[in-house]
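For reference, the structure is listed below as structure tokens.
Residue numbers (our numbering): 39 to 371.
Structural data, given as structure tokens:
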């Protein structure tokens with residue numbers, strides 16, 4: 039018995055050592071470019087995690103909110119596992135078909151039967167992904183959004199992925215507010231403070247200076263300059279004549295409009311408008327895919343462990359505080 043136990047231990051040790059050796063050999067077999075690609079892949083995951091944590095830290099979720107979000111993610115995970123169990127063999131068959139198709143293409147062959155099968159796989163793959171991402175995820179959209187306050191949903195809607203938290207998310211009072219408009223907004227404030235006779239005297243010079251500075255870095259035709267000169271002049275006059283309340287309400291939007299608009303900006307704005315129209319249609323057709331709340335908070339692999347750890351830390355801190363209060367109460371007696 040002892041002899042077989044020793045043999046088993048030795049075999050296990052050999053297996054562990056050989057697995058480490060294989061891993062080292064496989065790592066050594068990679069070129070530097072391949073190693074860099076693997077590092078970049080890991081960094082991409084870390085970057086995604088930092089974005090999620092920055093957003094989470096800016097929401098100031100209560101313990102009850104986090105518990106509800108965890109429960110929703112656990113339910114979604116179970117549903118997904120159930121679907122995966124039913125469809126695993128079929129998906130493996132799809133993979134085998136695609137592998138066979140790749141090998142046929144390598145040989146320069148186009149067998150009709152295999153081509154039809156590969157085409158069906160491509161179609162069914164898309165259908166399966168849409169069904170999971172849309173139908174299943176859509177069921178959780180309203181429930182997730184119901185957990186959050188309107189202010190929190192606005193923070194999520196306007197959040198842009200980032201490695202370091204933006205200033206708006208560092209302060210719970212400012213979270214979700216628009217940015218301050220920066221240098222351009224300050225220029226408009228200074229412009230409004232000018233006495234009327236100075237404003238009208240300097241107006242054309244200000245416009246010309248603005249366009250001349252821009253055109254040095256971004257070539258513009260004379261027609262583009264004339265059109266932009268007219269637009270900027272009308273905008274500055276409008277800003278100067280606004281009452282204080284309207285100006286404060288629209289200051290950030292006006293600051294963005296202060297930027298010179300050449301052909302590239304016009305094309306960019308048109309693309310942005312078309313993209314927004316496309317998103318509106320997609321949200322109606324596939325609501326689960328295009329909800330920012332779903333995108334960030336229906337992700338069991340990240341959401342469940344992070345929120346559970348945070349809940350545990352909250353409970354630990356509360357227990358510690360209660361213990362301190364109890365001990366201080368005893369001392370006062």
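Using N, Cα and C, we set each Cβ at its ideal position, and we do this for glycine too.
Kindly list the residues whose CB is nearer than 6 Å to the CB of residue 358, restricted to its own chain and excluding five residues on each side of it in sequence; keep chain order. Cβ within range, chain order: n/a, list empty.
Is residue 141 helix, strand or coil when you go by DSSP?
-> Secondary structure of residue 141 (DSSP, three-state): helix.
According to DSSP, simplified to helix, strand and coil, what is residue 283? In the structure shown, the three-state DSSP call for residue 283 is helix.
ask   = Per DSSP, what kind of secondary structure is residue 98 in: helix, strand or coil?
value = In this structure, residue 98 counts as coil in the three-state DSSP scheme.
Is the separation between the beta-carbon of residue 245 and that of residue 270 shorter than 8 Å?
In this structure, the beta-carbon distance from residue 245 to residue 270 falls below 8 Å.
Please classify residue 249: is it buried, with 16 or more other beta-carbons within 10 angstroms of its beta-carbon, or exposed?
So residue 249 ends up on the buried side.
Exposure label - residue 42; buried when at least 16 CB within 10 Å: Below a pLDDT of 50, predicted positions are generally treated as unreliable, and residue 42, at 37, falls in that range; the measurement from the model is reported next regardless. Counting Cβ neighbours within 10 Å, residue 42 comes out exposed, since fewer than 16 surround it.
| query | Which residues mark the beginning and the end of the alpha helix (DSSP H) in which residue 329 is found? | reply | Run containing residue 329: none; DSSP gives neither H nor E here.
- Report the three-state DSSP secondary structure of residue 164 (helix, strand or coil). Residue state for residue 164 is assigned as helix, using DSSP reduced to three classes.
field: Three-state secondary structure assigned by DSSP to residue 251
entry: In this structure, DSSP gives residue 251 a helical state, which the three-state scheme calls helix.
*asked:* Here's the rule: buried if 16 or more other CB atoms are within 10 angstroms of the residue's CB, otherwise exposed. What is residue 289?
replied: The C-beta of residue 289 has 16 or more other C-beta atoms within 10 Å across all chains shown, which makes the residue buried.
Please report the distance separating the alpha-carbon of residue 312 from that of residue 115.
When rounded, the separation of the alpha-carbon atoms in residue 312 and residue 115 is 35 Å.
Check your understanding: How should residue 81 be labelled, buried or exposed, when 16 other C-beta atoms within 10 angstroms of its C-beta is the threshold for buried?
Key -> Residue environment: residue 81 is assigned as exposed (fewer than 16 neighbouring CB atoms within 10 Å of its CB, all protein chains considered).
Note to self: Could you compute how far the alpha carbon of residue 66 sits from the alpha carbon of residue 79?
What the structure shows: Cα to Cα, residue 66 sits roughly 18 Å from residue 79.
Practice item. Measure how close the beta-carbons of residue 1 and residue 203 come, nearest whole angstrom, since I'm counting them as under 8 Å. Key: Residue 1 cannot be examined here, being either before or after the span of the chain that is shown, 39 to 371.
What residue ranges within the stretch 166-191 form continuous alpha helix (DSSP H) runs of no fewer than 4 residues, ordered along the chain? Taking only runs of at least 4 residues, the alpha helix (DSSP H) segments lying wholly in the stretch 166-191 are 175-185.
Go ahead and pull the three-state DSSP assignment for residue 256.
-> Here DSSP, grouped into helix, strand and coil, assigns residue 256 to coil.
Worksheet entry | 7 Å Cβ shell around residue 97 - same chain, five flanking residues per side excluded | Closer than 7 Å at Cβ, skipping near neighbours: 190, 193.
| What whole-angstrom Cβ distance do residue 104 and residue 345 have, given they're in contact under 8 Å? | Right, their Cβ atoms sit about 5 Å apart.
query = Leaving out the 5 sequence neighbours to the left and right, which residues in its chain are closer than 7 Å to residue 352 when beta-carbon positions are compared?
reply = For residue 352, where only same-chain residues beyond five positions count, the Cβ hits under 7 Å are 101.
* Asked: Would you say residue 152 and residue 142 are within 8 Å of each other, going by their C-beta atoms?
  -> Yes, Cβ-Cβ distance for residue 152 and residue 142 is below 8 Å.
TODO: Kindly give me the distance between the Cβ atoms of residue 342 and residue 87, rounded to whole angstroms, as I take these residues to be in contact under 8 Å.
DONE: Their Cβ separation, rounded to whole angstroms, is 13 Å, which puts residue 342 and residue 87 out of contact at 8 Å.
So, using beta-carbon positions, are residue 159 and residue 132 closer together than 8 Å?
-> The beta carbons of residue 159 and residue 132 sit closer together than 8 Å.
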